[in-house]
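Using the UniProt record's numbering, read the sequence shown as starting at 1 and increasing by one per residue. Cβ atoms here follow ideal geometry from the backbone N, Cα and C, with glycine treated the same way. Just so it is clear, the structure is predicted and the values come from calculations on it, not from any experiment.
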Amino acid sequence: MQRSPQPVKFSSQPDLSSERESQEQECTRNVSTRYNIRKKNPDEQQMEDLKEDLLKAFQKMMTTEIAIIKEQNSKILESNAEIKSQLELNAANYEKICNRVTIIEKKHEVAMERINQLEAQLDVLQKQFLKNTVEVRNIPYDDKEDVHNIVVNIYKTLEIPQIKDNATIFRRGRNNGPIVIEYQDSKSKETLLKAARKYNSDNKDKPLGTDILGFAEVSSRIYISEPLTSLTKKILTAARELVKNGSFKYCWASRGNILLRKQEGQAAIVVKSLSQIMDLTSE
């Protein structure tokens, strides 16, 4: 047995009750939201205003400070530029000065070389002039002295033939300056020098002195030697320093030259210049 389906009911009016409920809920929600946003109290508002004022003041201060720093940096950059310019100028001037010093040093070297050459030439001339000359030092000066008789007395003491009449004898200066004997030949000069060395060697306890020659008021050793040129004296002084420090054992002058010897029996070295002394010092 078949049943007929139930008839479908239709309504021509909308469900107004449901729509109204929905609107009421929305209205209630909005009201609740407005009530949740409450107003700030005066203290909180004052704090917010203070924060805002402080922030503005800080921003203003920072802006001012940055401007000052920028100005300072600008001045520093200008100052650095001036310093750099001055340094570059100083560097250029320094380079010029260095170049001038180099030129002066080269000129000085050339001048010194020339001076050394002239000094060497003068030394040769002086040695030639003094090659036949002997000096007698430490003889007391007397206004009434006779230097010729003094030399004759020396010859007698040394037991050598009397001095020739053609020799020139005089005292250089006063205040016990040396008595100078200028011979006409080198043989007479060597005779006196050898005799003086032999006498002092044979009489080491009492070498030739003023008391032996009759100067009773003064007693000092008498030195008989060949005169040295200015350059040779400098070389002799420097050479004696090598003996003092032990580099050499013997140092002496002979015929206007300075000689050094390290040990007995070794060959003597003739020193001709101060630069040679420097070379010997560095050995």
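Buried or exposed (CB count within 10 angstroms, at least 16 for buried), residue i
i, result
"residue 248", "buried"
"residue 232", "buried"
"residue 123", "buried"
"residue 264", "exposed"
"residue 110", "exposed"
"residue 203", "exposed"
"residue 31", "The predicted model places residue 31 with a pLDDT of 47, which falls under 50 and marks its position as unreliable; any figure quoted below should be read in that light. Exposed is the call here."
"residue 251", "buried"
Collapsed DSSP secondary structure at residue i in the structure displayed
i, result
"residue 253", "strand"
"residue 46", "helix"
"residue 264", "coil"
"residue 72", "helix"
"residue 160", "coil"
"residue 149", "helix"
"residue 52", "helix"
"residue 35", "Residue confidence is low: residue 35 scores 46 on pLDDT, short of 50, so the model does not pin down where it sits. Its coordinate-derived value is still stated next. Note: residue 35 maps to helix in three-state DSSP."
"residue 279", "helix"
"residue 41", "coil"
Beta-carbon spacing of residue i, residue j below 7 Å
i, j, result
"residue 238", "residue 277", "yes"
"residue 160", "residue 195", "yes"
"residue 210", "residue 225", "no"
"residue 180", "residue 163", "no"
"residue 147", "residue 171", "yes"
"residue 199", "residue 176", "no"
"residue 228", "residue 134", "no"
"residue 132", "residue 201", "no"
Beta-ladder partner(s) of residue i, from DSSP
i, result
"residue 271", "258"
Proximity test, Cβ basis, 7 Å: residue i and chain D
i, result
"residue 117", "Among the protein chains of the structure shown there is no chain D, as only one such chain exists."
Enumerated in chain order, which unbroken segments of the beta strand (DSSP E) with a length of 3 residues or greater are wholly contained in the region 92 to 145?
-> 133 to 137
Ignoring anything shorter than 4 residues or poking outside the region 167 to 253, list the alpha helix (DSSP H) runs there in chain order.
-> 186 to 202, 230 to 244
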